Amino acid sequence: MDPMIEHLRDALEKVVGFIYPNELELQWSILIVMYPYVTGLVAGAFILASLERVFNVESVKPTYRLSLLSALAFLIVAPLPLQLHLGHPFRGIEIFLTPNTSSAMAMFGFIYAWYLMAVILMEIWLDYRAEIVGWSKTEPWAPKRMFYKVLTFGVTTVTPGSRRIDDVLGRAITVIGLPSAVLLHGYVGFIFGSVKANPWWSTPLMPVIFLFSAMASGIAAVMLLYMFLTWMRNRPLDMRCLDTVAKFLLTAIIVAFTLETLETIQKAYEAEEHFDILALLVEGQLSFSLVFLQIFLGSICPIILLGLPQIFGVSDQGRKSLYAVSGVLALIGIFAMRWNVVIGGQFFSKSLRGFTTYKLQFIGREGLVAAIGVLVLAFAILAVLIRLLPPWTKDEPGRAPAAGGRAS
Amino acid sequence: MRRLDRRRFLRTALGAVVAYAASCLAAPLARAQRFFRAPPWKIRTPYWGFAVDITKCIGCGKCVDACKTENDVPREPFYFRTWVERYAIRKSGEVTVDSPNGGLDGFEPMRDEDSIVKAFFVPKLCNLCENSPCIQVCPVGATFKTEDGVVLIDRKYCIGCRYCIQACPYGTRYYHPTLKVADKCSLCYHRIKRGLNPACVEVCPTDARIFGDLSDPRSPLSRFIAENPVQVLKPAMGTQPKLAYKGLDREVR
Amino acid sequence: MKDLDHLLRVAATFVVVTVGFLVVRGFLIPPTFGKLGHYRAAAVDDVKAMPVRYAGRAARDACARCHAGPVRDRASSSHRGVWCETCHGAAGAHAADPKSVKPGRPAKGEMRAFCGRCHASNITRPRGFPQVNLSVHNPGAACTECHDSHKPKL
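Protein chains in written order, with our numbering: chain A, 5 to 412; chain B, 11 to 263; chain C, 612 to 765.
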């Protein structure tokens, strides 16, 4: 007996009210929660990196390279949850072969390829090129030296003229990259926001909400990574940088939370045909993950915690703790938000007359273990990337790495 | 000479502006005149459609059984290409809906029949949308509308992403547990191409299901739609279903 | 020019990768894709090739050839709209090979439930449709003791 069918037979007992019979099976599982979460981390990390280059926010410089590498690591694993979830994973390539131009999901191929190839890889490469050329000559371990050699594309001299060109081009790519990052995550929101059959998803605000929560999650992730890695390397934290990043995090959370609230108010005020069932959904199956996790723990708490240093003087150590806690809470809250959108939107019937259930599976292709595996893989890739392309220079013993990673 | 040139230039420019403004003002009217667009069945022959007469359905479930037999639909109570719902509206105003096993085994009488104001059966199937959300969202072109208006699935090409199941407002698609692709009513395309009726139409004992050619004004379907007040499900979705219902109550969704 | 060398090489790589992808893509797209629309035209044939299980009303004459009596009875009775396969089940295989494939027929003990599927009184059925209260209408008796299923009116 197919375990899925076994599971669905049990679920049949737990249906509340009336659902269309085909709606018993909840089609998009935890992996599809993971997908917008990971893409959000990409977009957020990249936008943080862009702040330094496009808007010349000098103080966030120490996180610039780390942001780029995190964005790349998360971007590499981003398609994985999608592909794992497919009924026929090996047919996934068809999205690149015959993309249906009217399908938001098919646009993934284009946006992803563009973002990976033209934006992130190019920007990282331009930024690191001078060092790569150096490492291709000095690296003692042959395979690694070979890797750098390939990355030099055979041009082993760095002239001042080429540095200038690289810098201008890098800036230009970041300027293009910013709308690309917005597009990448806006499109993920559109995948849900454009499903008119589902009133929990169908709103033009969805891409914007996804975007700002993506920024919050990406900034929080890079901030925590920066704190963790600096601690690991036994170096002092650059508080000016951390304060600025935390301020951006606060802004992103406030905007995302405001948009979500506006959307809720609008839905409640218009009180269309589907309002009753959505209200029941929020009070019922989503009461913990939406009201407690997303709104209270993930939005209100970080806003208060991050707001404290803006109003009162808080010591360095105190701010560090506040930032760390807020970062973790924001990441939990935004994961809950993705869950509430993806899973929550499938709980109620499109007949607006009842609810189905979802039991998170642990093992299997669509289980919790696979989802956690995706996240772990992203961090593993990041660890490798940091080894290959260190975001900081080695010679800064004990002093604040204010000028940060960028080698001159 | 120069003055004259300037005056002529100004006059030409003014004329151009007035002409442009006039065309802008006239545009909405011109567009409105083109508002009517002939439906595809005025151009293509045949073009298949479907109708359900709710006032005739007795809820025997023979259609559900025939559909599962004809199309190898898994026999579990959560995979259906067609199913029958029962609506009961009570004196208290409460509406109860059920569809035990999709109506495949028929319907046991309800216990508290005295409190019922009205009750009726509603057979459901693919709504044959002209603007199909399922086709719109399919990332690879594995679901499509044939030239004669039927929405089909390419089982060899479907990647199993299930976006189409999310996009269907009517819940008519399911994920096939062994084939790992989306599945749905094909209007028994293999039958209608051989000149047969869909299986559900064949076995319906009360002619509550009407299948036919919308492009032929004398077909039983065209006549049924012309002679009866009919309605479609969720018209505000803009999906333009080619599945029409006679006797549709406002409680039906 | 020397300052641009590395970028030109990257651009060349990019072009090679893109062209390579387009070439590979050309080979991988199914041959009939796009012939009729954004789908595999051959998929229509796949669906058309599915097996037929119900012979359908088009087989009326084929049924009458062997079962002339029931077909004639039914044609003039209140069951004239009910097709053979509604009660007897899918009979496409039987029509193709009448000797070895026999369609079903309800057993006497199941008769009341079988007929009751349509005729047991149920408030949800349309008014005017013939219904009986099975618990008071000759309990225990098989329907066919009184009614001919092909010509049910007494």
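Beta carbons: idealized from backbone N, C-alpha and C, even for Gly. Quick caveat, the model's predicted, so the values are computed rather than measured.
1) When we look at the beta-carbon of residue 172 of chain A and count the other beta-carbons within 10 Å, is it buried (16 or more) or exposed?
2) Would residue 25 of chain A and residue 112 of chain B be called neighbours here (beta carbons separated by less than 8 angstroms)?
3) Okay, do the region 210 to 220 of chain A and the region 328 to 347 of chain A touch, 3+ Cβ pairs below 8 angstroms being the bar?
4) List the residues of chain C whose Cβ lies closer than 8 angstroms to the Cβ of residue 104 of chain A, in chain order.
5) Answer yes or no: do residue 160 of chain B and residue 64 of chain B have a C-beta to C-beta separation smaller than 8 angstroms?
6) Is the Cβ-Cβ distance between residue 147 of chain B and residue 170 of chain B less than 8 angstroms?
7) For the 8 angstroms Cβ check, are there 3 or more pairs between the region 319 to 337 of chain A and the region 274 to 289 of chain A?
8) Let me see if you follow: with CB-CB separation under 8 angstroms, is residue 24 of chain A close to chain B or not?
9) Would you identify the three-state DSSP class for residue 256 of chain B, choosing helix, strand or coil?
10) With a 10 Å radius around its C-beta and 16 neighbouring C-beta atoms as the bar for buried, classify residue 10 of chain A as buried or exposed.
11) Taking the Cβ atom as the reference point for each residue, do residue 83 of chain B and residue 255 of chain B lie within a distance shorter than 8 angstroms?
12) Between residue 729 of chain C and chain B, is there a C-beta pair that is closer than 8 angstroms?
13) Which residue's Cα is closest to the Cα of residue 721 of chain C: C:750, C:713 and C:703?
14) Taking just the CA atoms, how far does residue 90 of chain A sit from residue 184 of chain A?
15) Use the C-beta contact count for residue 587 of chain C: other C-beta atoms within 10 angstroms, 16 or more gives buried, fewer gives exposed.
16) If you measure from the beta carbon of residue 705 of chain C to each beta carbon in chain A, is any gap under 8 angstroms?
17) Can you find a C-beta in chain C that's less than 8 angstroms from the C-beta of residue 276 of chain B?
18) Determine whether the Cβ of residue 156 of chain B lies closer than 8 angstroms to any Cβ atom of chain C.
19) Whose Cβ in chain C lies nearer than 7 angstroms to the Cβ of residue 117 of chain B?
20) Which residue's Cα is closest to the Cα of residue 699 of chain C: B:94, B:72, B:130 and B:118?
21) What are the residues of the region 651 to 681 of chain C that lie near chain B, defined by any Cβ-Cβ distance shorter than 8 angstroms?
22) Going by C-alpha distance, which of B:207, B:67, B:222 and B:75 is nearest residue 734 of chain C?
23) Let me know the secondary structure DSSP gives residue 63 of chain B once reduced to three states.
24) Report the three-state DSSP secondary structure of residue 25 of chain A (helix, strand or coil).
25) Any contact of the region 79 to 93 of chain A with the region 381 to 393 of chain A, i.e. 3+ C-beta pairs under 8 angstroms?
26) Let me confirm a value: residue 654 of chain C is counted as buried when at least 16 other C-beta atoms fall within 10 Å, else exposed. Which label applies?
27) Between B:43, B:88 and B:58, which has its C-alpha nearest residue 360 of chain A's C-alpha?
28) Might you give, ordered along the chain, the residues of its own chain that have their beta carbon closer than 6 angstroms to the beta carbon of residue 278 of chain A, omitting 5 neighbours on each side?
29) Residues in the same chain with beta-carbon distance under 6 angstroms from residue 573 of chain C, minus the five sequence neighbours each way, listed in chain order, please.
30) Roughly how far, in whole angstroms, is the beta-carbon of residue 221 of chain B from the beta-carbon of residue 207 of chain B, given that I think they are within contact range, below 8 angstroms?
31) Quick one: is residue 96 of chain B buried, meaning 16 or more other Cβ sit within 10 Å of its Cβ, or exposed?
32) In angstroms, rounded to a whole number, what distance separates the CA positions of residue 238 of chain A and residue 214 of chain A?
33) Can you tell me the Cα-Cα spacing of residue 702 of chain C and residue 764 of chain C, whole angstroms?
34) Could you tell me whether any Cβ in chain F is nearer than 8 angstroms to the Cβ of residue 72 of chain A?
35) Answer yes or no: do residue 44 of chain A and residue 260 of chain A have a C-beta to C-beta separation smaller than 8 angstroms?
36) Is residue 696 of chain C close to chain B? Criterion is C-beta to C-beta, closer than 8 angstroms.
The short version:
1) As a first step, residue 172 of chain A must be located in the first sequence, where it is residue number 168. So residue 172 of chain A counts as exposed.
2) Taking the first residue of the first sequence as 1, we reach residue 25 of chain A at position 21. Taking the first residue of the second sequence as 1, we reach residue 112 of chain B at position 102. In contact: residue 25 of chain A and residue 112 of chain B (Cβ atoms closer than 8 angstroms).
3) yes
4) The residue labelled residue 104 of chain A in the question sits at position 100 within the first sequence. The answer, in chain order, is 649.
5) Along the second sequence, read from residue 1 onward, the residue named residue 160 of chain B stands at position 150. Along the second sequence, read from residue 1 onward, the residue named residue 64 of chain B stands at position 54. No. Outside cutoff.
6) On the second sequence, residue 147 of chain B is found 137 positions in, with the first residue counted as 1. On the second sequence, residue 170 of chain B is found 160 positions in, with the first residue counted as 1. Cβ distance not < 8 angstroms, so residue 147 of chain B and residue 170 of chain B don't count as in contact.
7) no
8) Position 20 of the first sequence, counted from the start, is the residue given in the question as residue 24 of chain A. Closer than 8 angstroms: yes.
9) Residue numbering aside, residue 256 of chain B sits at position 246 when the second sequence is read from its first letter. It is a strand residue.
10) In the first sequence, counting from the first residue as 1, residue 10 of chain A sits at position 6. Classification of residue 10 of chain A: exposed, given that the 10 Å Cβ count is below 16.
11) Within the second sequence, the letter at position 73 stands for residue 83 of chain B. Within the second sequence, the letter at position 245 stands for residue 255 of chain B. No, they are not a contact pair.
12) Residue 729 of chain C sits at position 118 when you count from the first residue of the third sequence. Yes, because at least one Cβ of chain B sits closer than 8 angstroms to the Cβ of residue 729 of chain C.
13) What you label residue 721 of chain C is simply residue 110 of the third sequence in a count that begins at 1. For the residues C:750, C:713 and C:703, the minimum Cα distance to residue 721 of chain C belongs to C:750.
14) The residue labelled residue 184 of chain A in the question sits at position 180 within the first sequence. The residue labelled residue 90 of chain A in the question sits at position 86 within the first sequence. Each residue's alpha carbon lies about 26 angstroms from the other.
15) The structure shown does not extend to residue 587 of chain C, since chain C is modelled only from 612 to 765, so the question has no answer here.
16) Numbered from 1 along the third sequence, position 94 holds the residue referred to as residue 705 of chain C. Judged by the 8 angstroms Cβ criterion, residue 705 of chain C is not in contact with chain A.
17) The structure shown has nothing for residue 276 of chain B, since chain B only spans 11 to 263.
18) Stepping through the second sequence from its first residue, residue 156 of chain B is reached at position 146. Answer yes: the Cβ-Cβ gap between residue 156 of chain B and chain C drops below 8 angstroms somewhere.
19) For the purposes of this step, residue 117 of chain B is identified with residue 107 of the second sequence, where counting begins at 1. Those within 7 angstroms of residue 117 of chain B in chain C are 733 and 735.
20) If you number the third sequence from 1, residue 699 of chain C lands on position 88. Comparing Cα-Cα distances from residue 699 of chain C to each of B:94, B:72, B:130 and B:118, the minimum goes to B:72.
21) 651, 654, 655, 657, 658, 659, 660, 661, 662, 663, 664, 665, 667, 668 and 669
22) Working through the third sequence from its first residue, we reach residue 734 of chain C at position 123. It is B:67 whose Cα lies nearest to the Cα of residue 734 of chain C.
23) The sequence position of residue 63 of chain B within the second sequence is 53, counting from 1. Strand, per DSSP.
24) Within the first sequence, numbered from 1, the residue matching residue 25 of chain A stands at position 21. Looking at residue 25 of chain A - three-state DSSP - the assignment turns out to be helix.
25) yes
26) If you number the third sequence from 1, residue 654 of chain C lands on position 43. Burial call: buried.
27) The residue labelled residue 360 of chain A in the question sits at position 356 within the first sequence. It is B:88.
28) Here residue 278 of chain A is taken as the residue at index 274 of the first sequence, counted from 1. Correct list, in chain order: 203 and 356.
29) Because residue 573 of chain C is not part of the residues shown, which for chain C are 612 to 765, the question remains open.
30) For the purposes of this step, residue 221 of chain B is taken as the residue at position 211 of the second sequence. For the purposes of this step, residue 207 of chain B is taken as the residue at position 197 of the second sequence. Yes, they are in contact, since the Cβ atoms of residue 221 of chain B and residue 207 of chain B sit about 5 angstroms apart, within 8 angstroms.
31) Within the second sequence, residue 96 of chain B is the residue found at index 86, counting from 1. Flag for residue 96 of chain B reads buried.
32) For this step, residue 238 of chain A is matched to residue 234 along the first sequence. For this step, residue 214 of chain A is matched to residue 210 along the first sequence. Roughly 36 angstroms separates the two Cα atoms.
33) Taking the third sequence and counting its residues from 1, the one referred to as residue 702 of chain C is at position 91. Taking the third sequence and counting its residues from 1, the one referred to as residue 764 of chain C is at position 153. Those two C-alpha atoms are separated by around 26 angstroms.
34) The question asks about chain F, but that chain is absent: this structure's protein chains are A, B and C.
35) What you label residue 44 of chain A is simply residue 40 of the first sequence in a count that begins at 1. What you label residue 260 of chain A is simply residue 256 of the first sequence in a count that begins at 1. Result no, Cβ atoms of residue 44 of chain A and residue 260 of chain A do not sit closer than 8 angstroms.
36) Position 85 of the third sequence, counting from 1, holds the residue named residue 696 of chain C. Residue 696 of chain C counts as touching chain B.
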